[in-house]
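Structure, as C-alpha coordinates:
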Amino acid sequence: MEQIYARDTYGKTLIELGKKDTRVVVADADLSGSTRTCLFAREFPERFFNFGIAEQNMMATAAGLASCGKIVFASTFAMFASARALGQVRNTICYNNLNVKIVATHAGITVGEDGSSHQALEDVNFLRAIPNMRIVVPADAPEARDAVIAAYENEGPFYIRLGRSKVTTIEKKKKFVLGKSYILEEGNDLAIIACGFLVNEALLANEILKKKGISATIVNMHTIKPIDAEMLLTLAKKYKKILVCEEHQVTGGLFSAVTEVVARHCPVRVERIGVEDRFGQSGSPAELLEFYGLCANGIAKKTEEFLRQQS
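Going by this note's numbering, the residue at position 60 of the sequence shown is 172; the numbering climbs one at a time, nothing skipped.
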(Lines of atoms letter the chains of each structure in order from A and count residues from 1; the text may use other names and numbers.)
(Lines give C-alpha, C1' and ligand atoms only; values in the text may rest on other atoms or scores of the structure.)
Protein backbone atom coordinates (compact mmCIF):
# COMPACT_ATOMS: atom_id res chain seq x y z
CA MET A 1 0.00 0.00 0.00
CA GLU A 2 1.28 3.42 -0.97
CA GLN A 3 2.55 5.87 1.63
CA ILE A 4 1.99 9.60 0.96
CA TYR A 5 2.41 12.81 2.92
CA ALA A 6 -1.09 14.12 3.67
CA ARG A 7 0.35 17.64 3.72
CA ASP A 8 1.55 17.21 0.11
CA THR A 9 -2.00 16.36 -0.86
CA TYR A 10 -3.22 19.39 1.07
CA GLY A 11 -0.96 21.73 -0.88
CA LYS A 12 -2.06 20.27 -4.20
CA THR A 13 -5.72 20.49 -3.22
CA LEU A 14 -5.29 24.18 -2.40
CA ILE A 15 -4.11 24.78 -5.97
CA GLU A 16 -7.11 22.90 -7.28
CA LEU A 17 -9.47 25.06 -5.22
CA GLY A 18 -7.58 28.25 -6.06
CA LYS A 19 -8.01 27.67 -9.77
CA LYS A 20 -11.78 27.25 -9.49
CA ASP A 21 -12.53 29.99 -6.96
CA THR A 22 -10.78 33.35 -6.63
CA ARG A 23 -12.23 33.77 -3.14
CA VAL A 24 -9.79 31.16 -1.83
CA VAL A 25 -6.85 32.74 0.01
CA VAL A 26 -4.15 31.08 2.09
CA ALA A 27 -2.30 32.24 5.19
CA ASP A 28 0.75 30.69 6.82
CA ALA A 29 3.01 31.48 9.77
CA ASP A 30 6.47 31.10 8.26
CA LEU A 31 6.12 27.34 7.78
CA SER A 32 4.80 27.13 4.22
CA GLY A 33 7.55 24.72 3.17
CA SER A 34 6.52 22.29 5.88
CA THR A 35 2.75 22.75 5.63
CA ARG A 36 3.01 22.71 1.81
CA THR A 37 1.03 25.93 1.40
CA CYS A 38 4.13 27.01 -0.54
CA LEU A 39 2.59 25.20 -3.52
CA PHE A 40 -0.34 27.60 -3.48
CA ALA A 41 2.01 30.56 -2.91
CA ARG A 42 3.93 29.78 -6.12
CA GLU A 43 0.73 29.48 -8.13
CA PHE A 44 -1.17 32.42 -6.61
CA PRO A 45 1.31 34.78 -4.90
CA GLU A 46 -1.24 37.59 -4.75
CA ARG A 47 -3.57 35.39 -2.66
CA PHE A 48 -0.96 34.06 -0.24
CA PHE A 49 0.00 35.78 3.00
CA ASN A 50 3.01 34.87 5.14
CA PHE A 51 2.68 36.28 8.65
CA GLY A 52 6.01 35.14 10.01
CA ILE A 53 6.13 33.68 13.50
CA ALA A 54 2.91 35.46 14.49
CA GLU A 55 0.18 32.86 14.63
CA GLN A 56 -2.21 34.99 16.66
CA ASN A 57 -1.97 37.80 14.12
CA MET A 58 -2.52 35.29 11.32
CA MET A 59 -5.75 33.97 12.85
CA ALA A 60 -7.09 37.46 13.53
CA THR A 61 -6.32 38.56 9.96
CA ALA A 62 -7.83 35.36 8.59
CA ALA A 63 -11.03 36.29 10.41
CA GLY A 64 -10.93 39.75 8.83
CA LEU A 65 -10.46 38.33 5.34
CA ALA A 66 -13.33 35.90 5.90
CA SER A 67 -15.58 38.75 7.04
CA CYS A 68 -14.96 40.32 3.62
CA GLY A 69 -16.16 37.23 1.75
CA LYS A 70 -12.93 35.28 1.35
CA ILE A 71 -12.59 31.55 1.98
CA VAL A 72 -9.48 31.41 4.12
CA PHE A 73 -7.19 28.43 4.68
CA ALA A 74 -4.83 29.16 7.57
CA SER A 75 -1.96 26.78 8.27
CA THR A 76 0.86 26.22 10.71
CA PHE A 77 1.92 23.39 13.00
CA ALA A 78 -0.91 21.99 15.13
CA MET A 79 0.76 23.08 18.38
CA PHE A 80 0.83 26.71 17.26
CA ALA A 81 -2.58 26.72 15.58
CA SER A 82 -4.26 25.51 18.75
CA ALA A 83 -2.35 26.39 21.92
CA ARG A 84 -0.64 29.59 20.78
CA ALA A 85 -3.54 31.11 18.82
CA LEU A 86 -6.42 29.74 20.87
CA GLY A 87 -7.76 33.13 21.93
CA GLN A 88 -8.05 34.38 18.36
CA VAL A 89 -9.54 31.10 17.14
CA ARG A 90 -12.20 31.20 19.86
CA ASN A 91 -13.05 34.88 20.13
CA THR A 92 -12.52 36.09 16.57
CA ILE A 93 -13.10 33.12 14.25
CA CYS A 94 -15.54 30.83 16.03
CA TYR A 95 -17.52 33.41 18.01
CA ASN A 96 -18.33 35.15 14.72
CA ASN A 97 -18.74 31.81 12.88
CA LEU A 98 -16.39 32.95 10.12
CA ASN A 99 -15.34 30.99 7.06
CA VAL A 100 -11.80 30.11 8.18
CA LYS A 101 -10.40 26.64 7.61
CA ILE A 102 -7.50 25.86 9.92
CA VAL A 103 -5.47 23.05 8.39
CA ALA A 104 -2.74 22.20 10.90
CA THR A 105 0.13 19.84 10.17
CA HIS A 106 2.73 18.12 12.36
CA ALA A 107 0.17 16.92 14.90
CA GLY A 108 0.69 14.12 17.40
CA ILE A 109 3.82 12.28 18.50
CA THR A 110 4.72 11.24 14.93
CA VAL A 111 6.28 14.69 14.57
CA GLY A 112 9.18 12.66 15.94
CA GLU A 113 12.54 14.14 16.82
CA ASP A 114 11.24 17.72 17.26
CA GLY A 115 10.07 16.60 20.70
CA SER A 116 7.39 17.62 23.15
CA SER A 117 7.37 21.34 22.33
CA HIS A 118 6.15 20.54 18.80
CA GLN A 119 4.05 17.42 19.48
CA ALA A 120 0.47 18.65 19.70
CA LEU A 121 -1.34 16.12 21.87
CA GLU A 122 -3.99 18.43 23.30
CA ASP A 123 -5.20 20.32 20.21
CA VAL A 124 -8.45 18.43 19.67
CA ASN A 125 -9.23 18.88 23.36
CA PHE A 126 -8.70 22.64 23.12
CA LEU A 127 -10.81 23.12 20.01
CA ARG A 128 -13.59 20.57 20.47
CA ALA A 129 -15.17 22.60 23.25
CA ILE A 130 -15.49 25.73 21.11
CA PRO A 131 -18.94 26.30 19.54
CA ASN A 132 -19.16 26.37 15.71
CA MET A 133 -15.86 24.49 15.25
CA ARG A 134 -15.83 21.27 13.23
CA ILE A 135 -12.90 18.88 13.58
CA VAL A 136 -11.67 16.29 11.07
CA VAL A 137 -8.70 13.94 11.48
CA PRO A 138 -8.16 12.22 8.10
CA ALA A 139 -6.84 8.67 8.00
CA ASP A 140 -4.64 9.14 4.92
CA ALA A 141 -3.74 11.53 2.11
CA PRO A 142 -6.77 10.94 -0.14
CA GLU A 143 -9.05 11.46 2.84
CA ALA A 144 -7.17 14.68 3.63
CA ARG A 145 -8.11 15.92 0.16
CA ASP A 146 -11.75 15.00 0.77
CA ALA A 147 -11.72 16.80 4.11
CA VAL A 148 -10.24 19.98 2.63
CA ILE A 149 -12.85 19.99 -0.14
CA ALA A 150 -15.62 19.41 2.41
CA ALA A 151 -14.31 22.35 4.44
CA TYR A 152 -14.34 24.51 1.30
CA GLU A 153 -17.91 23.50 0.51
CA ASN A 154 -19.29 24.01 4.03
CA GLU A 155 -19.52 27.48 5.52
CA GLY A 156 -17.89 28.18 8.88
CA PRO A 157 -14.81 27.26 10.91
CA PHE A 158 -12.95 23.97 10.48
CA TYR A 159 -9.94 22.34 12.08
CA ILE A 160 -8.30 19.65 9.93
CA ARG A 161 -5.50 17.79 11.70
CA LEU A 162 -2.65 16.38 9.62
CA GLY A 163 0.63 14.75 10.59
CA ARG A 164 4.22 15.16 9.53
CA SER A 165 4.99 11.58 8.49
CA LYS A 166 3.90 9.71 5.40
CA VAL A 167 0.67 7.77 5.92
CA THR A 168 -0.39 4.50 4.37
CA THR A 169 -3.23 4.83 1.89
CA ILE A 170 -6.13 2.71 3.09
CA GLU A 171 -7.61 0.64 0.31
CA LYS A 172 -10.94 -0.17 1.95
CA LYS A 173 -12.11 3.40 2.46
CA LYS A 174 -15.63 4.47 1.68
CA LYS A 175 -16.79 7.84 0.38
CA PHE A 176 -15.97 10.66 2.77
CA VAL A 177 -19.04 12.26 4.32
CA LEU A 178 -18.54 14.98 6.90
CA GLY A 179 -19.79 13.81 10.28
CA LYS A 180 -20.20 10.18 9.20
CA SER A 181 -17.77 7.41 10.12
CA TYR A 182 -17.61 4.04 8.39
CA ILE A 183 -16.65 0.44 9.00
CA LEU A 184 -13.48 -0.84 7.36
CA GLU A 185 -13.66 -4.43 8.61
CA GLU A 186 -16.43 -6.41 10.31
CA GLY A 187 -15.76 -8.56 13.37
CA ASN A 188 -17.58 -10.24 16.24
CA ASP A 189 -15.66 -9.67 19.46
CA LEU A 190 -15.50 -5.90 19.89
CA ALA A 191 -15.39 -2.61 18.01
CA ILE A 192 -12.15 -0.66 17.57
CA ILE A 193 -12.67 3.01 16.71
CA ALA A 194 -9.71 5.04 15.44
CA CYS A 195 -8.87 8.27 13.66
CA GLY A 196 -5.92 9.64 11.75
CA PHE A 197 -2.62 7.75 11.74
CA LEU A 198 -3.99 5.06 14.05
CA VAL A 199 -6.63 3.84 11.60
CA ASN A 200 -3.99 1.91 9.67
CA GLU A 201 -2.37 0.73 12.91
CA ALA A 202 -5.77 -0.61 14.01
CA LEU A 203 -6.11 -2.50 10.73
CA LEU A 204 -2.64 -3.99 11.20
CA ALA A 205 -3.51 -4.91 14.78
CA ASN A 206 -6.60 -6.71 13.54
CA GLU A 207 -4.42 -8.92 11.33
CA ILE A 208 -2.41 -9.88 14.44
CA LEU A 209 -5.60 -10.57 16.37
CA LYS A 210 -7.10 -12.74 13.64
CA LYS A 211 -4.18 -15.15 14.01
CA LYS A 212 -5.21 -15.53 17.66
CA GLY A 213 -8.87 -16.16 16.86
CA ILE A 214 -10.05 -12.62 17.68
CA SER A 215 -12.03 -10.57 15.19
CA ALA A 216 -12.75 -6.87 15.59
CA THR A 217 -14.87 -4.36 13.77
CA ILE A 218 -12.59 -1.49 12.70
CA VAL A 219 -14.19 1.94 12.37
CA ASN A 220 -12.64 5.04 10.81
CA MET A 221 -14.15 7.94 12.78
CA HIS A 222 -12.51 10.76 10.83
CA THR A 223 -14.90 13.46 12.04
CA ILE A 224 -14.58 14.10 15.76
CA LYS A 225 -16.94 17.06 15.77
CA PRO A 226 -19.74 16.57 14.95
CA ILE A 227 -19.32 13.01 16.20
CA ASP A 228 -21.23 10.22 14.46
CA ALA A 229 -23.66 9.37 17.27
CA GLU A 230 -25.69 7.05 15.04
CA MET A 231 -22.68 4.82 14.39
CA LEU A 232 -21.67 4.86 18.05
CA LEU A 233 -25.09 3.74 19.22
CA THR A 234 -25.17 1.01 16.59
CA LEU A 235 -21.80 -0.28 17.84
CA ALA A 236 -22.80 0.03 21.50
CA LYS A 237 -25.93 -2.04 20.94
CA LYS A 238 -24.02 -4.74 19.06
CA TYR A 239 -20.85 -5.05 21.17
CA LYS A 240 -20.23 -5.14 24.89
CA LYS A 241 -16.84 -3.52 24.47
CA ILE A 242 -15.44 -0.62 22.42
CA LEU A 243 -11.76 0.31 22.16
CA VAL A 244 -10.89 3.87 21.06
CA CYS A 245 -7.46 4.64 19.54
CA GLU A 246 -6.04 8.12 18.96
CA GLU A 247 -2.70 9.89 18.61
CA HIS A 248 -3.72 12.42 21.24
CA GLN A 249 -4.13 12.79 24.97
CA VAL A 250 -6.85 10.47 26.25
CA THR A 251 -8.55 13.54 27.73
CA GLY A 252 -10.79 15.63 25.52
CA GLY A 253 -10.22 13.91 22.18
CA LEU A 254 -11.90 11.03 20.35
CA PHE A 255 -12.19 8.84 23.45
CA SER A 256 -13.96 11.61 25.33
CA ALA A 257 -16.30 12.29 22.41
CA VAL A 258 -17.20 8.60 22.13
CA THR A 259 -17.84 8.09 25.83
CA GLU A 260 -19.97 11.23 26.05
CA VAL A 261 -22.40 9.73 23.54
CA VAL A 262 -22.31 6.15 24.79
CA ALA A 263 -22.65 7.03 28.49
CA ARG A 264 -25.78 9.06 27.85
CA HIS A 265 -27.61 6.73 25.49
CA CYS A 266 -26.31 3.14 25.65
CA PRO A 267 -23.67 2.50 28.34
CA VAL A 268 -21.11 -0.21 27.51
CA ARG A 269 -17.45 -0.79 28.44
CA VAL A 270 -15.18 1.64 26.59
CA GLU A 271 -11.38 1.39 26.82
CA ARG A 272 -8.78 3.73 25.36
CA ILE A 273 -5.40 3.85 23.66
CA GLY A 274 -3.76 7.24 23.58
CA VAL A 275 -1.21 9.32 25.45
CA GLU A 276 -1.94 8.93 29.16
CA ASP A 277 -1.64 12.42 30.66
CA ARG A 278 2.01 12.99 29.79
CA PHE A 279 4.06 15.00 27.33
CA GLY A 280 5.77 13.65 24.25
CA GLN A 281 9.51 13.35 23.78
CA SER A 282 12.14 13.17 21.08
CA GLY A 283 12.45 9.99 19.05
CA SER A 284 11.62 8.55 15.66
CA PRO A 285 7.91 8.19 14.89
CA ALA A 286 8.18 4.38 15.01
CA GLU A 287 9.99 4.47 18.35
CA LEU A 288 7.44 6.82 19.86
CA LEU A 289 4.43 4.87 18.60
CA GLU A 290 5.87 1.75 20.21
CA PHE A 291 6.84 3.54 23.45
CA TYR A 292 3.34 4.96 23.94
CA GLY A 293 1.62 1.74 22.86
CA LEU A 294 0.06 3.30 19.78
CA CYS A 295 1.50 0.84 17.26
CA ALA A 296 -0.25 -2.24 15.87
CA ASN A 297 1.35 -4.53 18.46
CA GLY A 298 0.31 -2.18 21.26
CA ILE A 299 -3.27 -2.06 20.01
CA ALA A 300 -3.41 -5.86 19.67
CA LYS A 301 -2.02 -6.33 23.18
CA LYS A 302 -4.49 -3.85 24.67
CA THR A 303 -7.34 -5.54 22.82
CA GLU A 304 -6.46 -8.94 24.28
CA GLU A 305 -6.23 -7.48 27.79
CA PHE A 306 -9.55 -5.71 27.35
CA LEU A 307 -11.33 -8.84 26.17
CA ARG A 308 -10.01 -10.79 29.16
CA GLN A 309 -11.52 -8.29 31.59
CA GLN A 310 -14.86 -9.10 33.17
CA SER A 311 -17.75 -7.23 31.54
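Beta carbons: idealized from backbone N, C-alpha and C, even for Gly.
DSSP three-state assignment for residue i, whether helix, strand or coil
{"i": "C357", "result": "strand"}
{"i": "A141", "result": "coil"}
{"i": "A241", "result": "coil"}
{"i": "V136", "result": "strand"}
{"i": "R257", "result": "helix"}
{"i": "V212", "result": "strand"}
{"i": "G199", "result": "helix"}
{"i": "Y264", "result": "helix"}
{"i": "T363", "result": "coil"}
{"i": "G386", "result": "strand"}
{"i": "I165", "result": "coil"}
{"i": "F189", "result": "strand"}
When the options are compared against residue i, the one with the closest alpha-carbon
{"i": "G275", "options": "I247, R257 and F309", "result": "F309"}
{"i": "A139", "options": "T173, T280 and L315", "result": "T173"}
{"i": "I127", "options": "P157, L143, V370 and Q115", "result": "P157"}
{"i": "N300", "options": "G386, R273, N318 and A328", "result": "A328"}
{"i": "V382", "options": "D389, G392 and V362", "result": "V362"}
{"i": "P397", "options": "T149, F391, D226 and C180", "result": "D226"}
{"i": "K278", "options": "N169, S146 and K337", "result": "S146"}
{"i": "L345", "options": "A375, S229 and H230", "result": "A375"}
{"i": "T149", "options": "V260, K350 and I205", "result": "V260"}
{"i": "V380", "options": "V184, T204, A306 and V356", "result": "V356"}
{"i": "G410", "options": "I320, E283 and N209", "result": "I320"}
{"i": "I326", "options": "H230, F161 and K414", "result": "K414"}
Those residues which DSSP pairs with residue i across a bridge
{"i": "Q421", "result": "Note: Q421 sits in no beta bridge, so no partner."}
{"i": "I330", "result": "E297 and I304"}
{"i": "Q248", "result": "The residue you asked about is not Gln; residue 248 is Val in the sequence shown. In the DSSP output, where bridge partners are listed per residue, V248 has I272 and T335."}
Any contact between the region 119-131 and the region 281-301? By contact I mean 3 or more CB pairs, one from each, below 8 angstroms. no
Scan the region 275-305 and note each continuous beta strand (DSSP E) run of 3 residues or more that stays entirely inside, going in chain order. 278-280 and 294-297
At least 3 beta-carbon pairs within less than 8 angstroms: the region 253-266 vs the region 385-393: no
Are three or more beta carbon pairs between the region 186-198 and the region 234-242 nearer than 8 angstroms? yes
Count the CB pairs spanning the region 158-169 and the region 213-223 that are closer than 8 angstroms, and state whether there are at least three. no
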